[in-house]
Structures are given as C-alpha cells and as structure tokens.
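Protein chains in written order, with our numbering: chain A, 1 to 348; chain B, 1001 to 1348; chain C, 2001 to 2343; chain D, 3001 to 3343. The beta-carbon is built from N, C-alpha and C at its ideal position, and this holds for glycine as well. Just so you know, these numbers come straight off a predicted model, no measurement behind them.
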Amino acid sequence: MLVVRAIHEGDLDGLFNLASQVGTGMTTLKADMKMLGDRLATACASFAETIPPEERDYLFVMEDTANHRLAGVCAIKGAVGLTEPFYNYRIGTLVHSSRELNVFTKMETLYLSNDLTGSSELCSLFLHPDYRVGHNGKLLSKSRFLFIAQFPHLFTEKIIAEMRGYQAEDGSSPFYEGLGRHFFKMDFHHVDDLTALGKKSFIAELMPRQPLYIAYLPQDAQDVVGAVHKSTAPARRLLEQEGMHYEGYVDIFDAGPVLQARVSELRALRDSELAIIAPDDDMVHACAPATTEPTLVSNTTLRDFRMIITEAASVNGSIDLSAAEQQLLHCATGATVRTLPLNVKKNQ
Amino acid sequence: MLVVRAIHEGDLDGLFNLASQVGTGMTTLKADMKMLGDRLATACASFAETIPPEERDYLFVMEDTANHRLAGVCAIKGAVGLTEPFYNYRIGTLVHSSRELNVFTKMETLYLSNDLTGSSELCSLFLHPDYRVGHNGKLLSKSRFLFIAQFPHLFTEKIIAEMRGYQAEDGSSPFYEGLGRHFFKMDFHHVDDLTALGKKSFIAELMPRQPLYIAYLPQDAQDVVGAVHKSTAPARRLLEQEGMHYEGYVDIFDAGPVLQARVSELRALRDSELAIIAPDDDMVHACAPATTEPTLVSNTTLRDFRMIITEAASVNGSIDLSAAEQQLLHCATGATVRTLPLNVKKNQ
Amino acid sequence: MYVVRPVETADIPALESLAAVTMPGVHTLPRSRDKIVMAVERSLASMAAQVDIPSEESYLFVLESLEERRICGTAAIFASAGSNGTYFSFRNDVIQQVSRDLNICHSVHALTLCSELTAYSHLSSFYVAPEVQQGPEAALLSRSRLLYAAQHPRRFGDRFFVPLAGVTDDAGQSPFWNAVGRKFFKMDFLDAERTIGGARNRTLIVELMPHYPVYVPLLPGDAQAVMGQIHPSGELAFNLLTAEGFEADEYIDIFDGGPILQAHKHALRTFTTSQKLRVRTGVARTREGPLFNYAVSNADSAAFRAVTIPCPDLDGCDAVALPPEIQDILRVAEGDSVTCVRI
Amino acid sequence: MYVVRPVETADIPALESLAAVTMPGVHTLPRSRDKIVMAVERSLASMAAQVDIPSEESYLFVLESLEERRICGTAAIFASAGSNGTYFSFRNDVIQQVSRDLNICHSVHALTLCSELTAYSHLSSFYVAPEVQQGPEAALLSRSRLLYAAQHPRRFGDRFFVPLAGVTDDAGQSPFWNAVGRKFFKMDFLDAERTIGGARNRTLIVELMPHYPVYVPLLPGDAQAVMGQIHPSGELAFNLLTAEGFEADEYIDIFDGGPILQAHKHALRTFTTSQKLRVRTGVARTREGPLFNYAVSNADSAAFRAVTIPCPDLDGCDAVALPPEIQDILRVAEGDSVTCVRI
C-alpha cells in the first residue's frame, strides 16, 4: 500500500536514495547529504509550524508500507523570491499600428519580471521509476492540492509551478541558444548547474533589462516559448486538470512555462469535501454506488498529514474506509477526513 | 415586470432617452443619434450573426413591460483592440536587491501594454435612476453572464471590464495629475472627451514608452492605482462575485482597475444549469422548497435572448414558471431555459 | 578650374541630367523635376533670408567646371534636421553586463530609437561626377558647405551630421531592414523608403518602429555585418568626412543601418583650422616648403564662391596671394578677406 | 610666484592639512592619511610608467607657492574612468512625444542609467585655497592637467569629464537623492556615499539603481530644481571648465544630481589653441597691445612644471620670451620647447 505523508526526521537516508535516482535536470533535488539534511530540517520545522509560513517548505514523501521504501517525493514552498529575487520572463503584447500605412502589427514581448515574488510554489516532484505505474503519479502530485485545500490559510493568494522547458534531442535549449547565450557566454548546462546552486538571481543580472520583441529571436527560439520538455508534458496536464494555467510567464533560461492559479480557484478548493469515517455498522457502504471513481482521501492533521487513494466514496458526508486505510491515514472511525475525486469530472 | 433582452431595431428612441440620462463619465453611451444608431445596427447584426464574432457588440436593454419603457442597458463587445490599439498599464514587480548592502527593495512598475487585445469586454452598463431599486442592478449586470454561459463559443478565452478610476471630490484624477498631465499637457476632462471620440490610442502615443516605477509618482497618485470611483464600487463587487478579478491591469489615464476572468471560470459557466419548463400538472412546484433564493432564468435563443428573475427554483432539471414569466421569456412549457441563482452561495 | 557656388535657377536642367545618372538611394539629389525645382527655390530663399535661429532653410551648392560651364557635383546642407518634426535614428548604445558573483563583465550593443539628431545641421545630397572624384574638387565640394557654415554660424547648429547610404544587394534588399524594420512595417525596404519618401521625421516611425532597444547580438549575422557599413557609392564621401573630423560609431540609420557621421563643430577641421586672411595679388609664393591644396572662399553669403588652389603652408601668415583670375572668380579684390583651409 | 607640479612624497603632510579644511563631498581630495598616501604613490607610479593604453593611472598635481613653500591647491586626472569596472552616470535624454492626430509635439526629459563615460579621462580633486581663488593660479591649476594630457596623448582618452558636487542642504540632505536613489537604497545620502566610498563603478549600483528611465517631470519640484546644479563650492571649477570648453547638459551624477561636464578633446581650448614655442631669454615684449595671462609648461613628463605669466598675444609667434627665473622654475633653457596657452 502506498501512502503520501509529511516527511519525518528519520527520512533522510530514504530521501538521499531517492535523490540519487534523479539524474540531471532537477535542480532542487541533488544527492547531497548536506543540502538534503538542511531541506529536511526546514520541512520538519514547516510541518511543526515553528517557522513563519513564507519560509516554509513542505516536503511530502510517498511510502510503500510493504517495505517502508520511499517511492517518491514532492514539495510546496511557502513563498518564492523573498530572499533572492525570483525572475521570470512575462510575455506581453504590444500593438504597433499606423493608419497612414494601414499596418497593424501585434508583437509579443518578453519582460524580465519579479512579478511572481511571494507566490507559493509546487516543486521537487520525483517518482521512483519502479513505481511509475497506475495512479501513483497522480496520487503523488495531487496530494499537494488536498493539503492546500485543508490548510489554505498557509498559502498566499497565488500558487505556481515551474515546468521544465523544451530541449532538443541533444539536450540543448533553442531558447537559451537564441537569447541567453549572447548575454552569459556560457553553456546551458553550466547555467543550469549554477541555478541548482541557487545562483539564478546572479545569472539574471546578466539578462537584458529592456523588454525584448520575441520576433527578434531566431525562429527556433520563438517556437519553444512556453513549451515544455517532452518528459514534462504529463506533469503539465495533471496540474492543468487541477486548475492551474499558463498565464504567459516563462523561465528566463529555457522558456519553460510557469503554471499558476489563484488558490481559491483550484479544483481541490472548490470540489474537495470533508467526510466522517463511518462506523462499520452504518449503511454507508450499502448506499454507495456499486462502482466508484477512485478518490483521494487525507487526514486533517498538519503535522502528520497523510493521504491515500481509496475506492470508497463519500456519501452524504460519510465515508466507509477499511481498517487498513484508516491505519494508513492514522485515523479511526468518527474522524474527519478530506476527500476529492482523483479525476476531473469529464463533463466539466 | 422587467425583462432584459437583446436590443431590437425599434429601440433607438428608447436608447437615446436612456443615453440622455447618463451625464458625463460614461464614454461609450453619448446621447448622439448618429453614434447610437450605428451602435444599434452593429448590435442587431451581432444577434443576427451576420458579422464575425470579433466585430460583434451585443447590446441588451431592460424593458419595463408595464409601460414598454427602457429602464437600462448593458453590452458585451466581442473583442477589443483589433482596429485601434487597446492600451492599459500593467502593474509588475521588480526586485532590486544587494546582498552587500543587505537591501531588498520590491518595486511596483507600470508597463504600457496592449496585452488585453482581443479580449471580450463587458461595458456600457446604465440603469435609469427610476429603476435603481431591488435586484434590478444585479439583473441587468448579470444578464450578460447568463448570455455568455449560453453562448460561450462566441467569446474569446478572456473577458474584461474596465472600471472607472478614483476621482477626488472636485472630479480631478490624482493619477492623471501625477502622471498623464505631464505628457499630455491638457485637462483630464479633455482627455476623457477625446477618449469618448475613440481617440484613446492617439493619446496613448504620448504616454512614456518605458516602464515606470510607481514609487516615482506623487503619493496621492500611488494611492489610487487600481482604486475605483466611489460610485463604481457596487458594480465592481457584482462582477467580482461572478468570478472576475483585478489582475493588475489599470486604465492609462485614471488607473481604474480592469477586472478580468477566463470565460470558463465564470460562476455562470460553472453553476448555471439548463432546465425544462415544467407543465402545470407536474409535481415540480410541490417538491420545490417553500422559500427559494431568486433565480435568473433566460431562454436559449441568440437572436431573441431574454432573461428575467424568478422566485421559482429548478428541481431535478425542471422549473415551474408562471404563464407571465413564460411570456416574458417568449417560451412555452417544455422549452429549455438556463438558470443561475441570482446570488452567490454564501459558503463559497 | 572649378568653383563651388550656391545653386541658381539656371542650373535646374543640369541638375535634372545629373539626377538621371545618380544611383538609387535616399541621401542624394531629388529625382523629379518638381522636387529639384523646389530644392533650388528653397536654397535661393534660404540664402536670401535673414536668419537668427536655424530652421527650415536648406542650402544647395554646385560644383561647376568653369571651362566647360558644366555642373559636375552637388552638395547640400539643411540648417536644422527634423525642423518640421523629429529626426529619428538608432543610437548605438553599449550596455554593460556585470555580475560580481560570477565575475563576469562584458558589454552588449543595443540600438535605441532616438531623436537626438533633431536640430543638428544635416549634410546631404553629395554627388560628384566620376571624372572629378579623384581630384581635390571632391574635397572642395564637400567642405564648401562647412566653410559656408563657419562663415554663417547663426544659420546653423553647433553640431552636424551626415547619413550615408547603407548596404543593399543588387535586388534592393537590405539585410538590416529585413531583420529590423520589416518585422514592424511588413513591407520591402524599397517600398518602405518610397512610402516614407526617404524622410526620417514622420510620426509613422514612432508608430511602427520598436519602442525598446534592439539587442544587436540577437540579430541575424548578415544584419549585424552591415550595421554602420556604407554602400560602396558612399566611400568617397565617407573618407572625406572622417578626414574632416566626423565620427561614425554612435548613430546608424533606422532603415538600412548605414552610418550617420556626426561631430560638434569644434571637432571639424574646417571650423578649427580655417584662417581668415587678407588677399594679396600675386602668384603663390614658392618660398621654402612644398605646396598644399587649400580651399579658399569669399565671405559673401549670396555670392558665396569657393575654389581650390595649390599654395605653400599658410600657418602663421596674415595674407594669401591670389592671382587676379582667382580673385575674379571669388569676387574679391586686394585687401578683402577670404577664408582658407587646407584640404 | 606659483608653480603647478606633480605631487611628491614630501607633500603628504601638507595634503593632510588641506584635506582637513576642505568641505565634505566626494569629488575632492581623499580624507584619511592612508588614502592620501595611496593617491600620492599611485601618481608617482603613473608618472613613471610607460603607458600605451590608458588604464588605472591617476595623476595628482599640486599648486605650490614658491615664496612660502606652501601647497595651496590640488587637481587630479584619472587616465580612464571605471577602468576597474564601469563608470555609471545618468544620461539626460530628451524624448519626443509626438501625436500627429492631436497635433501635439513636445519633449520630455528622462534620466537613463548609463555607462557611457567609462574609459573617458576623469578630472577630479580640484581644490584651491581661498587666498588664490581670485587669481590666474586657479585657472592655471585646473588647466595644467589638460596641458599635461595634451603633451601625453597616449596616457589619456580622447574624451574628458569632470563631475562637480551637486546641491545638498546644511543637514547633508540631497533633494535629488531623496527623490531618486533613496527609493532603492533605503538610506540617507551621506550614508550611501559613505557606503559606496564615493565610487561610481560598483556592481551594487546596477543592482539597486533604476533599470528604466526616470522621467524628470514626475520628480518632485525640489529634485528637478537641483538637477545639474552645482554645490556653491564648485562654482569656480564650473566657470573655469566651461570657459575651457566643457559642456554640462548631457550627464548628471546618479547620487546627487550634480552636473558632469564633458568634452571631446577637440572642443577643449587647451588642446585646440595651445602653441608649442621656443624659449627665448628676455622679459615679455611690450610691443603694441595689451598683456594676457598665459599658462606655460615644459614638456617633460616626470618633471612637469607649469606657471602663469603675463605676456602679449602670442598668436603667430614661434618663440616666447621668458626671464631666467621662470626658465629655472620650468627647468628649461633658451631654445627648448614650452607649451603656451592663453588663460
């Protein structure tokens, strides 16, 4: 059985093992005991609420209870850009028109911006290859939305997720080659490494300050603005189903899209419901539909947040969870849990 | 009884009478027979679908069926900025930080933008003073959302509404005095008049092209960025209840906020439902709750779109409308109508 | 013998023939008879005008072969560029990119639409017939405008510029235009130049041209390569002007990317090294030292005349010896003042 | 009699006393003994260095009263501003606002952070004791740097600038700073100047100063009023420099809004009108005409000396008469060359 839960002090080795599987391309999960240890300590302090909300970094792990192995990890940062500037390009529109010449030209422009400063961020999602089956990816990714729905007061108005941008077969970034390289004079992967070390803001200093017309970039760079790395497309779809949208912000290096949403407009906020775990002798089970859609269900405890997928459905405010499921959630009959259908209703 | 309906060819005199009551401050409804006649013709062509969606201008009037007087008007433009550039200021954030000095300064900036080009626009809302009672204001304003919910394919992804900006007691605009006047060297009301004549884009040519730090404006100008005229506050609340948000775009002259939404996230799109007008002998009426919230109900005909408020409620896909109500909607028993609770549910 | 003098009405037919043979381009003589007539009339009116502040005046000079009574060159100067609007150009900015933490510091060029050349005096319409391009007459013609300006400082600004035609290919395509202006104008270079009539003062430039800097490294290689490069036809003018003291790196043309040379008058040799000398009748003294080509002009506005003569170094002299026939051409007599500058 | 000469190690105590009396401000002499010693050593090393491309050299000159053996003024010149970084200033841009349809055309000033003065030669540290401010010695001191530069063109750039202290009130508040820099730096003017050590080449300027133009009409009236205005203490320097040919309108200081005068060397009188003349022993000829103050310097780099003498117009002369005691001061003898320029 798999459970997604708040990370614990004892998870450092498991986290390191996971991070060792990550490979290049994920800048926030490096297999470095010092970095991971620091991050774990911050996460524990976050769940314990001993640091202010904007400094928190909620780290969740997916545990296989059969062997107590960590199968995946994901995180929510309380706020970005409050210690180091957080840069993006924002895509705007400028219209150049002349009635005399009857020319009306709509030009897209890139503005270097710190607009997303202070937003909460979904990040560091990684699922061990052995577990990339069934609903596991969804379970891991969506656990964060249920957490936010349960504790919305911990988050700012806006939540974002940075998506890895398009890369060519050889790992190069056409956007970087067309723009950044002229200003950094170093390789994309070198820039990527510096970013991993938290040097993103220093690199951004080298970016041109003035708005740029996208039409002045080479065609192949223009083509990938807002496009994700092909391995990231499924993750993007998952987040979009939860109510996140690409609103014209992209990464300054690879032009990968930033997805964003108002917290209050996330599907989890609109559609998740509280339910009581029904006693065995209730009729909940009998009244429930014969076949149901899988449902995400979590407990309502911040410090020991836990979430699973169940086949049970919430009926009139009650849900019939098996003893094993209650055990996974660290809950008993009569406790309040939060439920959300795993999948978006098709007719919406 | 009041009905909101698509405007007809015969409404020109009534529209002129309404416009005569508007006074200054509403640039799109001037008591000018030529202008109003042109606009009416466009509106009729819009409902008849004889012009392309982006050129349409759907004009709705509220008619008092007791005396056939026009009590109010409102409109939806298919798309803005496709013949003349549509300018706004967008508010962005720039962080200036120096670790050496331990300074971290978050600065708001104004960017002259045409980002909202192509959006659909809610505009020209005016209710005759004699009718400013009860739910009339809501009925008039919200009719447009029911229309959009019924015909979402006619609208672009984004819908906007420009709100009149803050003015001092003497009618002056602190934002204009602090910014625009330095570049236009003319009075605010003169600029306003030019705007009414469709000269907004020419005036915008005089605006500074470079991003501006808001901190460099006088304090009283800074204070009113995104603030509405006090008489506009109720209209703003109405639109916000329907799912529109201030996302940092303001008017270039008075810094009044632009509210915007994705069409798919409007309350009317999420919560409105289709229902069948139930035959008299059905049990709908008997099963309905004793007291209900008022409900907006419209027919589903584009060319003869009509909408009223009813006390009837939709129950299991049926609604019991009186003969008079059916008459107002130009509908009969068995017809499909669209319903939406007038007010937002309080617990959302 | 050649003389440079203000254009006269009688020169119009000769100018028409010249216009027929000059290459296509926007910085040379007008092409239609109407426009030539207008230019001549404007020059005559400008010469005759009492000027306190430089404005719409323009002055057109011709190089005439006295033996053949033939016009073999033209050169003009506008008192104040963009006086009926704004003169737009690209300023070639250098932007420093500095990151202390990464220990990186390099500079990036960016082109910014600017109106800084507005109200400069503007040299244009320089054309010399092939047969006199090698001689000192070409330099005389180019410089006569500045000699005239030095003698009439109130008619001109303190700064001068000269746009030179940029690089186009045989098909009339401009790599710079294709990379920059075309994205906004959505038309070919020659169509755009025709539409705008070669002007650089039109509102439609503000309407259509980029409001933000164009970062040079982002431009295609062929566009970067021609930035600030002259059309081969402009080489003679370029060499004469840089020798005069004009500088080329700061501004380029917004359409074809050609160089715009500019200078404060204090940096121009005509202004800093010209001498006002008394006329002495005689042939050039052949005292010690070699002979140099000097441009010599009279000081009369309407009857301005300039010739070039070989002459010993005049440094430290207070008079210059001119043979009677030269005095006749210049319309001066013994004891009058002339302005001399070494070519 | 006063002489201007390069600073020597023995001058350090005198410079310390001078520094103690000069007013607070960033464009004058360093204040601590350590920094004075560094400045003197750097000057000595620079004078002794073989220079092909201007770089980190700086040259410090003193005005000495020979009778009193007393230092009563200082003036310095840096070979290349920002040679270890970038020299930041505000460029005062004029932006044309044009609307053809509304028939409106006016211009708006905007301040843009720029690094264009980088690699200019940079004049600084000008101080003259009150008792000699009225005489020609002040002009001699200011100009000696340029005489030295004119004699050693490879040690300097083609362009020169001089920042002059802007307006501050008695409490050390700068209206310009309060309106512009303070919004980003979040500290008082004097604190900021102390933090940055008066430098204009630091990365933190890029980090904190506005990336976009500051539109002047949006600034409060008191900040606009002091833009380009000098602190009263800078009036003497301002007058001397503008008479020399420096221009004031294009750049201002990013901190206090004081003027930055700048010029191409071709526009500076020292470069354009100085004459190289042979030394003739004698007193100044009293032939026809009045006497003028001339600055006269020898041509030796390490032992550079300049004095001012009254003298008839030297225009057109090839020699200058100097009495033996002046020749001694300048370390020249009959037949040597000296450079002379009218003050």
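Three-state secondary structure assigned by DSSP to residue i
i	result
Gly1248 (chain B)	strand
Lys368 (chain A)	Past the edges of chain A, shown from 1 to 348, lies residue 368 (chain A), and the structure says nothing about it.
Lys158 (chain A)	strand
Arg1237 (chain B)	helix
Leu3060 (chain D)	strand
Gly256 (chain A)	coil
Pro3013 (chain D)	helix
Thr232 (chain A)	helix
Phe2090 (chain C)	strand
Leu1002 (chain B)	strand
Gln1021 (chain B)	coil
Lys2276 (chain C)	strand
Asp1304 (chain B)	coil
Met2047 (chain C)	helix
Cβ pair residue i, residue j closer than 7 Å
i	j	result
Ala161 (chain A)	Leu239 (chain A)	yes
Glu3207 (chain D)	Ser1143 (chain B)	no
Pro1208 (chain B)	Tyr3215 (chain D)	yes
Phe202 (chain A)	Ala255 (chain A)	no
Ala3081 (chain D)	His3109 (chain D)	no
Thr28 (chain A)	Ser124 (chain A)	yes
Val3037 (chain D)	Val3007 (chain D)	no
Thr310 (chain A)	Glu325 (chain A)	yes
Val95 (chain A)	Thr1093 (chain B)	no
Ser3144 (chain D)	Val3051 (chain D)	no
Leu1342 (chain B)	Gln3097 (chain D)	no
Arg1005 (chain B)	Arg1303 (chain B)	no
Met1163 (chain B)	Thr1083 (chain B)	no
Arg236 (chain A)	Val228 (chain A)	yes
Ser3058 (chain D)	Arg3042 (chain D)	yes
Beta-carbon contacts of residue i that lie in its chain and below 7 Å, excluding the five residues immediately before and after
i	result
Asp2948 (chain D)	Nothing can be reported for residue 2948 (chain D), as the shown portion of chain D is limited to 3001 through 3343.
Val3094 (chain D)	Ser3107, His3109
Gly2157 (chain C)	Pro2054, Ser2080, Ala2119, Tyr2120, Ser2121
Ser2065 (chain C)	Tyr2002, Cys2072
Cβ-based neighbour list, residue i, same chain, cut-off 8 Å, excluding 5 preceding and 5 following
i	result
Ile1981 (chain C)	The first residue shown for chain C is 2001 and the last is 2343, placing residue 1981 (chain C) beyond what the model contains.
Met3187 (chain D)	Thr3195
Tyr1131 (chain B)	Leu1002, Met1062, Asp1064, Ala1071, Gly1072
Closer than 8 Å, Cβ to Cβ, to anything on chain D: give me those residues from the region 2306 to 2321 of chain C, in chain order.
Gly2316, Asp2318
To be precise: take each residue of the region 80 to 92 of chain A, compare its Cβ to all Cβ atoms of chain B, and keep it if any distance is under 9 Å. Which residues remain?
Gly81, Leu82, Thr83, Glu84, Pro85, Phe86, Tyr87, Arg90, Ile91, Gly92
Got a sec: which bits of the region 3206 to 3223 of chain D sit with their beta carbon under 8 Å from any beta carbon on chain A, in order along the chain?
Val3206, Glu3207, His3211, Tyr3212
Okay, do the region 1073 to 1080 of chain B and the region 1132 to 1151 of chain B touch, 3+ Cβ pairs below 8 Å being the bar?
yes
Say whether the region 1107 to 1116 of chain B touches the region 3216 to 3228 of chain D, bearing in mind that this needs 3 or more beta-carbon pairs closer than 8 Å, one atom from each stretch.
no
Between the region 3263 to 3282 of chain D and the region 2261 to 2274 of chain C, can you find at least three pairs of beta-carbon atoms closer than 8 Å?
yes
Is it the case that the region 1321 to 1338 of chain B contacts the region 1259 to 1276 of chain B, given that we only count it when at least three CB pairs across the two stretches are under 8 Å?
yes
Per the contact definition of three or more C-beta pairs closer than 8 Å, is the region 1113 to 1123 of chain B in contact with the region 321 to 334 of chain A?
no
Are the region 2196 to 2206 of chain C and the region 2223 to 2236 of chain C in contact at 8 Å, needing three or more beta carbon pairs?
no
Report yes or no: do three or more beta-carbon pairs, one from the region 2064 to 2072 of chain C and one from the region 2081 to 2095 of chain C, lie closer than 8 Å?
no
Evaluate contact between the region 1061 to 1071 of chain B and the region 1034 to 1045 of chain B, counting only Cβ atoms and requiring at least three cross-stretch pairs below 8 Å.
no
Please identify, using Cβ separations under 8 Å, the residues of the region 3109 to 3124 of chain D that lie next to chain C, in order along the chain.
Cys3114, Ser3115, Glu3116, Thr3118
Mind checking the region 1017 to 1037 of chain B against chain A and listing, in chain order, the residues whose C-beta falls within less than 7 Å of any C-beta there?
none
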